[in-house]
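Asks:
2 protein chains.
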Amino acid sequence: MAKQDRAIRTRRVILSAAAQVFEQRGFQAATISEILKTAGVTKGALYFHFPSKEDLAQGVLYEQDQQDVVQDQACKVQQLIDTVMLHAYRLQTDPMVRAGVRLSLDQQAHGLDRSGPFVRWSQIVRRLLSEAQEQGELLPQVVVTESADVTVGAFAGVQAMSQAMCEHNDLLVRVSAMLRHLLPSMAHPSVLTSVELGADRGEVVARMAAESGAQQPVEVS
Amino acid sequence: MAKQDRAIRTRRVILSAAAQVFEQRGFQAATISEILKTAGVTKGALYFHFPSKEDLAQGVLYEQDQQDVVQDQACKVQQLIDTVMLHAYRLQTDPMVRAGVRLSLDQQAHGLDRSGPFVRWSQIVRRLLSEAQEQGELLPQVVVTESADVTVGAFAGVQAMSQAMCEHNDLLVRVSAMLRHLLPSMAHPSVLTSVELGADRGEVVARMAAESGAQQPVEVS
Chain H
0 MAKQDRAIRT
10 RRVILSAAAQ
20 VFEQRGFQAA
30 TISEILKTAG
40 VTKGALYFHF
50 PSKEDLAQGV
60 LYEQDQQDVV
70 QDQACKVQQL
80 IDTVMLHAYR
90 LQTDPMVRAG
100 VRLSLDQQAH
110 GLDRSGPFVR
120 WSQIVRRLLS
130 EAQEQGELLP
140 QVVVTESADV
150 TVGAFAGVQA
160 MSQAMCEHND
170 LLVRVSAMLR
180 HLLPSMAHPS
190 VLTSVELGAD
200 RGEVVARMAA
210 ESGAQQPVEV
220 S
Chain U
0 MAKQDRAIRT
10 RRVILSAAAQ
20 VFEQRGFQAA
30 TISEILKTAG
40 VTKGALYFHF
50 PSKEDLAQGV
60 LYEQDQQDVV
70 QDQACKVQQL
80 IDTVMLHAYR
90 LQTDPMVRAG
100 VRLSLDQQAH
110 GLDRSGPFVR
120 WSQIVRRLLS
130 EAQEQGELLP
140 QVVVTESADV
150 TVGAFAGVQA
160 MSQAMCEHND
170 LLVRVSAMLR
180 HLLPSMAHPS
190 VLTSVELGAD
200 RGEVVARMAA
210 ESGAQQPVEV
220 S
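Right, dumping it as structure tokens:
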């Protein structure tokens, strides 16, 4: 293995361990020595990649939305749906995504800037909505920044509710219902009649992405 | 003061102290001795009302939605809007409500059943939507249970996003935008043209309720 590959691999092992520990303990109670033990790497390697617990948490927060790359599509509203449903699917199946989402809602994580994922997700949704607007897919009164923030906020809460009620078991059904409620105030009715937003959409998109090779396969640690 | 009044007052003092400590420390790190110290009551009084930390947390969780009683209105969609906007206003101004909402999203609160507020809020919204449906205010395809859950979940996330971004400063604007996005897929257009759902609606409703005497004044500790 080349030196660089090894470094990337080590970084990933450390982040997976951090995700696991943060998810179990929360940010405040988690310790670097526990993350070290779980990762099975040297102290030097860990501090080389992540000088502090905050850096580890920011690493996990950053990873959560990095794999949600959906292929370009003619209909931008469909691309937005696919991005959201893929994220929901990953949240159910990928511990790194789950840990990132949990950290961003961890209210006891004093000193940790948790706005990052909200800001990044807003940017992703804004870009897709802007493209949809340029193509004439949206209703005339839509304010892209506002609609993007409502979508991102609503998603965060719908997943939290699904987690509190049944450990995310009904997440995909709930997110699909959320989109059916939000989209009629954003997109033209003619666009809505042709989109697919069933609860199985995230899995379909994940499979398409894996087959096209456009995406890293989902890692389940 | 009659004996019963004193007991009610003591219970409230304890709950306020618990709300404060849970909000600062989170459920896991909070200790009964810290709540005791903050409340300034005897150990006996505290254990009489709340035998365990879980009971204290359930007390705070339960209190958060108890003051959101909005007067009956002819238009049930307006009553729903008022209930949601009043809750958002309370969340900004009442530490007990804030602590309850935070507890219900505290993912490190292992052993604490956090589904209560979600379930109770769903019931409140379901009842109002059912009444709106009976009065013909809703669109024919609306499934009340689903629309209620989407609304409750979306609210939880929109407030979490507002908290992470700016400590709830823009909460009322965000919740108003959320309602403008959700309601068009629930209510008849003719109903929507006559409802008030601006960002100041919560304060207006709180003032109306206080003036009518239907409600306890908001306690700010």
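Residue numbers (numbering that gives the first Met the number 0), protein chains in the order written: chain H, 0 to 220; chain U, 0 to 220. Even glycine gets a Cβ: it sits at the ideal position worked out from N, Cα and C.
1. Just the C-alpha distance for Asp169 (chain U) and Val151 (chain H), rounded to the nearest angstrom, thanks.
2. Enumerate in chain order the residues of its own chain whose CB-to-CB distance from Glu62 (chain H) is below 7 Å, with the five nearest sequence positions on each side excluded.
3. From which residue to which residue does the alpha helix (DSSP H) around Arg8 (chain H) run?
4. Using the rule of at least 16 other Cβ atoms within 10 Å of the residue's Cβ for burial, across every protein chain shown, is Val157 (chain H) buried or exposed?
5. Say whether chain U places a C-beta atom closer than 9 Å to the C-beta of Asp93 (chain H).
6. Can you tell me whether Ala205 (chain U) is helix, strand or coil according to DSSP?
7. Pick from U:Gln132, U:Ile80, U:Leu111 and U:Leu178: whose alpha carbon is nearest that of Glu53 (chain U)?
8. Closer than 9 Å, Cβ to Cβ, to anything on chain U: give me those residues from the region 129 to 152 of chain H, in chain order.
9. Report yes or no: is there a C-beta of chain H within less than 9 Å of the C-beta of Arg206 (chain U)?
10. Once DSSP output is grouped into helix, strand and coil, what is the label at Leu137 (chain H)?
11. In the DSSP assignment, what are the bridge partners of Ala186 (chain U)?
12. In chain order, what residues of the same chain have a beta carbon less than 7 Å from the beta carbon of Lys75 (chain H), not counting five sequence neighbours either side?
13. Along chain H, which residues have their Cβ under 7 Å away from the Cβ of Arg125 (chain U)?
14. Quick check on DSSP: helix, strand or coil for Ser51 (chain H)?
15. What number of angstroms, rounded off, separates the C-alpha of Phe26 (chain H) from the C-alpha of Val149 (chain H)?
16. Going by other Cβ atoms of all chains shown within 10 Å of its Cβ, with 16 needed for buried, is Pro109 (chain H) buried or exposed?
17. Among the residues of its own chain, which have a CB less than 7 Å from the CB of Val40 (chain H), if the five just before and after it don't count?
18. Just to confirm the assignment: which complete beta strand (DSSP E) runs, minimum length 3, are found wholly within the region 73 to 117 of chain H?
19. How many angstroms separate the CA atom of Ser211 (chain U) from the CA atom of Asp105 (chain H)?
20. How about Ala17 (chain U): is its C-beta nearer than 9 Å to some C-beta of chain H?
21. Could you check if Ala16 (chain H) belongs to the surroundings of the ligand PLP, using beta carbon to heavy atom distance under 8 Å?
22. Would a C-beta distance cut-off of 9 Å place Arg179 (chain U) and Ser184 (chain H) closer than the cut-off?
23. Given a limit of 7 Å on CB to CB distance, which residues of the region 182 to 205 of chain H reach chain U?
24. Does any C-beta atom of chain H lie closer than 9 Å to the C-beta of Met164 (chain U)?
25. Counting only Cβ-Cβ distances shorter than 7 Å, please list the residues of the region 36 to 58 of chain H near chain U, keeping chain order.
26. Leaving out the 5 sequence neighbours to the left and right, which residues in its chain are closer than 7 Å to Ala147 (chain H) when beta-carbon positions are compared?
27. For the alpha helix (DSSP H) containing Asp148 (chain H), list its first residue and its last residue.
28. Near Ser51 (chain H), which residues of its chain fall below 6 Å by C-beta distance, leaving aside the five closest residues on each side in sequence?
29. From the DSSP output, in three-state form, read off Gln132 (chain H) for me.
30. Is Ala1 (chain U) close to chain H, meaning its C-beta is less than 9 Å from at least one C-beta of that chain?
31. Which residues in the same chain have their Cβ closer than 7 Å to the Cβ of Asp4 (chain U), if we skip the five residues on either side of it in sequence?
32. So, are the CB atoms of Thr37 (chain U) and Ala16 (chain U) less than 9 Å apart?
33. Take Lys42 (chain U) and list the residues in its own chain whose beta-carbon comes closer than 8 Å to its own, dropping the five residues that flank it on each side.
34. Would you kindly check if the distance between the Cβ of Ala155 (chain H) and the Cβ of Ser103 (chain H) is under 9 Å?
35. Do you know how far the Cα of Gln77 (chain H) is from the Cα of Glu22 (chain U)?
36. Could you tell me which chain U residues have their CB closer than 8 Å to the CB of Ser103 (chain H), listed as they occur along the chain?
Replies: Reading off the structure:
1. 15 Å
2. Leu14, Met95 and Gly99
3. In the DSSP annotation of this structure, the continuous segment of the alpha helix (DSSP H) that includes Arg8 (chain H) starts and ends at Lys2 to Ala28.
4. It counts as buried.
5. For Asp93 (chain H), the answer is no, since every Cβ of chain U falls outside 9 Å of its Cβ.
6. helix
7. U:Leu111
8. Val142, Glu145, Ser146, Asp148, Val149, Thr150, Val151 and Gly152
9. no
10. In this structure, Leu137 (chain H) counts as strand in the three-state DSSP scheme.
11. U:Leu137
12. Excluding residues within five positions, the ones whose Cβ falls inside 7 Å are Leu127, Glu130, Ala131, Gln134 and Glu136.
13. Within 7 Å Cβ-Cβ: nothing; Arg125 (chain U) doesn't reach chain H, min ~14 Å.
14. coil
15. 26 Å
16. As written in the sequence, residue 109 (chain H) is His, which differs from the Pro given in the question. Exposed, by the Cβ-count rule.
17. Setting aside the 5 residues that flank it on each side, Val40 (chain H) is surrounded in the same chain by Thr9, Val12 and Ile13, each with a C-beta closer than 7 Å to its C-beta; the list follows chain order.
18. none
19. 39 Å
20. no
21. The ligand content of the structure shown is nil, which means the ligand PLP is not present either.
22. yes
23. Pro183 and Ser184
24. So yes, Met164 (chain U) belongs to the interface.
25. none
26. Ser121, Val124, Arg125 and Leu128
27. First-last of the alpha helix (DSSP H) with Asp148 (chain H): Val143 to Cys165.
28. Closer than 6 Å at the Cβ level, and outside the excluded window around Ser51 (chain H), lies no residue.
29. helix
30. no
31. none
32. yes
33. Leu35
34. Less than 9 Å divides the Cβ of Ser103 (chain H) from the Cβ of Ala155 (chain H).
35. 40 Å
36. Under the 8 Å cutoff, chain U gives Ala163.
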